[in-house]
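Structure, as structure tokens:
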Amino acid sequence: MILFLGIEIISIPLYILTGSDKRNLKSNEASLKYFLLGVFSTGLMLMGIALVYGARGTFITVPDPLVTAAPNTLLITGMSLLLFSMAFKVSAAPFHFWTPDVYDGAPTVFTSFMATIVKAAVFIAFIRLFDDAFEGLQPQWRLWIAVITAITLFVGNITAVFQQSVKRMLAYSSIAQAGFMLLSLYAMNTEAKEGLLIYAAAYCLATIGIFAVLAKMNDYTFDGFNGLARREPLIAATLTILLLSLAGIPLTAGFLAKFYMLKATIATPNSLWLVIFAVLMAAVSVYYYFRVIQAMYFKEGNDATTGFSPFFKWTMVLMASLVILLGLFPDLLLNWLYF
Amino acid sequence: MNALIISAILGVVMMFSGILLKQKTAVRNVAIGGIIILLLANILEMGGTVFFTIDSRGMIAFDQFALLFNTIVFVSTLLYLLLSAKEIEKVGVNYADYFALIFSFFVELHLSHPLNHY
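Line by line, the protein sequences give chains A and B.
Under our numbering, think of the first position of the first sequence as 849, with each following residue one higher.
Under our numbering, think of the first position of the second sequence as 5, with each following residue one higher.
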């Protein structure tokens, strides 16, 4: 119940933030769409909780070995509904249809918040719920998660390739990154949990930085980034590091995060196909991240930014430094887990 | 528990700052200061310093994993506000309310990943 309260009340500020640009029709539409679909997924979650309660007779998610009911249809159906509902919240395919429109319609500054911190928070709730409550049902939900992960990776990456707007590309990229994060749920071992923390840090840092630059652009298409390296070499350099991290290039936190996820997955029996598929999809993602780098360094264009203050530039340098530091020394973060 | 209580208080503070503070810069600085306080309180809790001892009958309990994740969230939000707080002010006139919504999000964040869900 606490999880339900947490997850659902998380959504309410987001509906408001999405529609905060009141005079913009796209923002209003995004907010309404997010609200309606969010309510639908809430219904699924409530139904799932009710069925799990019916099967177990308690809201306590950590099963008591003395009173735990054997897996039955009621419990498995309830768990599946909870799984689908959480998949909606983290925008995993095929429950992702709200994401591009909502991220595109919301003011860029709030899209950044929703696509990073909120998504990571829901992932942690997702993994805690399935680790605590449904660990005993792992054979039943592991196949579901494997299928959802593969579809999410495929849909997110392939659709991102065809986008002309960087903002929309980042929306699909966030779906693809969610696919990688789902690997931690699939594997559900120590490496997976450590990996999810590194992934959350790497993904949040990189995406917040990229969105911050995007919010300063007048043109959200790839062409808007043309020639940025000549005009703003420091911003272009930091942006390149952040994009390389999202693509999973070595020496960045993004590489290590993906490495942890793949390592955790490969330790799970019969999972080689999923690892190979995830690597292939990561290779596809390099294409659309490098399109931005190519536009900045190898194309000519007019200034399409509102200007960057020295403070902004140095904060970007700090973010890029953190991304490299985490890529080289992940224990700086993970040591805190065993503090 | 530190961050949960403080983020709830800061949410209310941000709502009132919209009425009491006329300058946008002041509101922004309160928000950034609030995040720094939250980050420090959470780090202290990781080290065992708990400011608020509340008997929640096991409904809300945090372990190192949850606290470390909170730290990642607060560092990310601090950087987000440093980079983008000015952009938030451009969205609308009720900018203090947007910061209040962000702080209220943290309250719910703490509820969504405690150790045991009841």
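A virtual CB, placed ideally from N, CA and C, is assigned to each residue, including glycine.
For S1013/A, the secondary structure class from DSSP, reduced to helix, strand or coil, is strand. Close partners of V34/B in chain A (Cβ separation under 9 Å) are lacking, with about 18 Å as the shortest Cβ gap.
Per DSSP, P942/A lies in no alpha helix (DSSP H) and is assigned neither H nor E. For the stretch 78-100 of chain B, the beta-carbon criterion of a distance under 7 Å to any beta-carbon of chain A is satisfied by S80, T81, L83, Y84, L86, L87, S88, E91, I92, V95, G96. Beta-bridge partners assigned by DSSP to M1065/A: T1153/A. Exclusion of the five residues before and after I1046/A leaves A1101, L1104, A1105, Y1108, L1174, P1178, L1181, L1182 as the residues of its chain whose Cβ lies within less than 8 Å of its Cβ. Straight across, the Cα-Cα distance linking G854/A with K1147/A is about 46 Å. Within the stretch 863-906 of chain A, the complete alpha helix (DSSP H) segments at least 4 residues long are 873-904, listed from N- to C-terminus.
The C-beta separation of R1016/A from D952/A comes to about 5 Å, placing the pair in contact by the 8 Å criterion. At least one C-beta of chain B is nearer than 8 Å to the C-beta of G854/A. Close CB contacts of F1125/A within its chain, under the 7 Å cut and outside five residues either way in sequence, are with A998, L1001 (chain order). Taking 8 Å as the cut-off between beta carbons, the residues of the stretch 44-75 of chain B near chain A are M50, G51, M63, I64, Q68, F69, A70, L72, F73, T75, in sequence order. Pairwise C-beta distances place the stretch 1050-1060 of chain A in contact with the stretch 75-93 of chain B, as three or more of them are shorter than 8 Å. Judged by DSSP secondary structure, N6/B falls within the alpha helix (DSSP H) whose first and last residues are 6-24.
The residue from K1064/A, N1074/A, K1111/A with its alpha-carbon nearest to that of G1155/A is K1064/A. By the neighbour-count criterion, in which 16 or more other beta carbons inside 10 Å mark a residue as buried, K94/B falls on the exposed side.
Boundaries of the alpha helix (DSSP H) harbouring V1171/A: 1158-1176, taken from the DSSP string. Cβ-Cβ distances below 6 Å link K874/A to G953 in the same chain, with the five nearest sequence neighbours on each side left out; the list follows chain order. When CB distances to chain B are screened at a threshold of 8 Å, the residues of the stretch 940-958 of chain A falling below it are P955, T956, V957, F958, in chain order.
Taking the C-beta atoms as reference points, P861/A is found nearer than 8 Å to F109/B. In the three-state scheme derived from DSSP, where H, G and I count as helix and E and B as strand, L1099/A is classed as coil. Put simply, the backbone Cα of E856/A is about 36 Å away from that of V1165/A. For the pair of segments examined, the stretch 927-947 of chain A was found to touch the stretch 894-903 of chain A: the number of CB pairs separated by less than 8 Å reaches three.
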